[in-house]
Each structure stands twice: as C-alpha cells, then as structure tokens.
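Novice: One structure follows; several queries about it will come next.
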Amino acid sequence: CKPCDNNNFDWENRYCEVSLVANGQFYEDYCDKIVTPPYGCVCGPTTEVDSENLSGLINPNAVFFGRGAIQLSWNSNYIKASYVLAESADTLCTQPDLVATEPKYAWGTALWFWMFSTPSPGEQTNCHIKALEGSFGSTLRIINGGLECPPDAYGYHAEAVVTRLRYYCIAATVMEVRLMDFNGCEGLGDAFDRCVKTGFCPECNDHHGNPTMEPSLAPAPRMPTPKPTEWGSWRGEDWLTTMTRGNSAVKSVSSLFGSLTLAMAVALVVV
75 CKPCDNNNFD WENRYCEVSL VANGQFYEDY CDKIVTPPYG CVCGPTTEVD SENLSGLINP
135 NAVFFGRGAI QLSWNSNYIK ASYVLAESAD TLCTQPDLVA TEPKYAWGTA LWFWMFSTPS
195 PGEQTNCHIK ALEGSFGSTL RIINGGLECP PDAYGYHAEA VVTRLRYYCI AATVMEVRLM
255 DFNGCEGLGD AFDRCVKTGF CPECNDHHGN PTMEPSLAPA PRMPTPKPTE WGSWRGEDWL
315 TTMTRGNSAV KSVSSLFGSL TLAMAVALVV V
C-alpha cells in the first residue's frame, strides 16, 4: 500500500500523488512504540519496499492504520482484537491486513470495538450503550473523539465530519428513522446546523429541525415461568382411556389409507 498525506491525495480520482515514504522517508502513524505486548503489537518506523517496481509502497503487514468496517487503528487495538477474535496476539499483529481482506476480521473487529471499546479507562460504557441512549455524538466520541470532537477547523477532519454527517443522514433516510442527538461530541451539533444552512449537507435537509430519537426503553419485565406440574398429578385423570381412544382412531385411518393405496397399486398393475 502507499501511505499518503491528505494534502497529496487526489480524492476525485482516488490517487496518491506523493508517497509519505518517498525519498528515504519513513512511516510510523498509528504506532505507539511505548505500548508493547501484551498491550500492543510491536511496531516502528516503516520504509519503502526495496524494489523499483514498488516505488513508494510499504509492506501493509507492518503498519496499523484504519481498516475494516469501523476502521480499526493503532497497534494497541489490533492486539486486543486479535486476542478476542483469533485467541492469539500473533494473528493480527503479524498480519494486520487481514482486517482489510478477510470478512471475519473486517466485521469482527468492528463488532468488538462497538461493544468493548470505552471512551477512556474506567468509563463503564461503550458505543452500543450510547446508541441505546439515543446519542450519536457519544458514539463518535468513542470512535474518533480525539480528532472530531471537535475537529481542527482548518484541518482534514473538519471535512471528514461533513462527510460523516451526510452519510448519517442518507442512512437515516433509507431506514426511515430519525437522527439521534449530537450530545457527547463537542461541536457536532453546531457542525450539523452549519452544514445544512450552508448547503453542504443537502441529504440532511429533511432531518434538520426534527426532534431526535428517544432513548430505547428497557425491556418490559417478564412474568416468571409457571411452576412445572408435579409428577403424579395426572393419576386422577382418565388420560389412559383418552389416549387409547385416540390411538384406535389413528390406527383405523392408517389402515383405511393403506388399503386404498394398495388397491390403487393393484389397479395400476392390472391396467
């Protein structure tokens, strides 16, 4: 793969003009070298593949950038997901590109992050809980809060927030649901209002000003399972007579059906 700076990426044609590892440079994004096993995959500076035909490319299994349905990033998250999904740190630490190429890991890592990743150590919540509470903003804070809650007004993530809001509105329209609230992510509500009013989010026009979804209700309490019938309570019932009568009727019908079948078979042979 070719690592690329946002300023050097042609988004319209999906092409990286200048690689981050060109001219002897190295790439080490999403690598916290202080975090080592069992808390993080081993990582470090990665350089360009030593081949003229692969100029500007790096080994994808040496880096831990965003992959999969929820863009799993950082060496610390890859090793945690690997323990859960593969029962071994080696799988995703040595082959992180599996998250981009194998559906099991592409979706598995997304579900793992959604259900188990917390905003910060000690907080007893996750994306799933926040979604049930009706807070889209809080789920974004957990997923990418450091970069988007709020984003740098002059950086790439300010545009990324606009794209996220547009996709969110498209999904809500297709599924015919209301938007969840934007609380929990600083600046997200203002970004939504600004995006609609400036015309950058036409997909959100029908949602702007509408009330947000109510939090999901807790399941209604269930009645306890009735106590099983005690053994021997049937002794006073005339159950044997009823069963015998039923069996006799079944046998009569079966005999009649068998006789008719046999008669038809014989008739066919004769013809």
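Counting in the numbering used here, the sequence shown runs from 75 upward without gaps. The beta carbon of each residue, even a glycine, is placed where N, CA and C say it ideally should be. Nothing here was measured: the structure is a model prediction, and the numbers come from that model.
What is the rounded straight-line gap between the Cα of TRP186 and the Cα of SER150?
Specialist: Distance between the alpha carbons of TRP186 and SER150 is about 14 Å.
Novice: Which residues in the same chain have their Cβ closer than 7 Å to the Cβ of GLY140, if we skip the five residues on either side of it in sequence?
Specialist: Only LEU146 and SER147 meet the Cβ criterion.
Novice: Could you check what DSSP says for CYS90 in three-state terms: helix, strand or coil?
Specialist: CYS90 falls in the strand class under three-state DSSP.
Novice: Taking PRO57 as the reference, which of HIS202, ILE216 and ALA184 has the closest Cα?
Specialist: This structure gives no information on residue 57, because the portion of the chain shown stretches from 75 to 345.
Novice: What would DSSP say about THR286, mapped onto helix, strand or coil?
Specialist: Three-state DSSP puts THR286 in coil, outside helix and strand.
Novice: So, using beta-carbon positions, are GLY114 and ASP106 closer together than 8 Å?
Specialist: Yes.
Novice: Whose C-alpha, out of CYS275, CYS75 and CYS259, is nearest the C-alpha of GLU233?
Specialist: Of the candidates CYS275, CYS75 and CYS259, the one whose C-alpha sits nearest the C-alpha of GLU233 is CYS275.
Novice: Over what stretch of residues does the alpha helix (DSSP H) that includes CYS78 continue unbroken?
Specialist: That residue, CYS78, is in no alpha helix (DSSP H); it is neither H nor E in DSSP.
Novice: When you compare the segment 247-264 with the segment 220-232, are there three or more beta-carbon pairs, one atom per stretch, that lie closer than 8 Å?
Specialist: These segments touch.
Novice: With distances taken Cα to Cα, identify the nearest neighbour of CYS90 among HIS282, SER129, ILE203 and SER212.
Specialist: The option with the nearest alpha carbon to CYS90 is SER129.
Novice: Going by DSSP in three states, LEU146 sits in which element: helix, strand or coil?
Specialist: Note: LEU146 maps to strand in three-state DSSP.
Novice: Does LEU239 pass the burial test, meaning 16 or more other C-beta atoms within 10 Å, or should it be called exposed?
Specialist: It counts as buried.
Novice: In angstroms with no decimal places, state the Cα-to-Cα distance between CYS201 and ILE132.
Specialist: Spanning the two alpha carbons is a distance of roughly 33 Å.
Novice: Answer yes or no: do LEU253 and TYR242 have a C-beta to C-beta separation smaller than 8 Å?
Specialist: Cβ distance < 8 Å, so LEU253 and TYR242 count as in contact.
Novice: Looking at the unbroken alpha helix (DSSP H) that takes in THR168, where does it start and where does it end?
Specialist: Residues 163-168.
Novice: Is TYR228 helix, strand or coil when you go by DSSP?
Specialist: Residue state, collapsed to three classes: coil.
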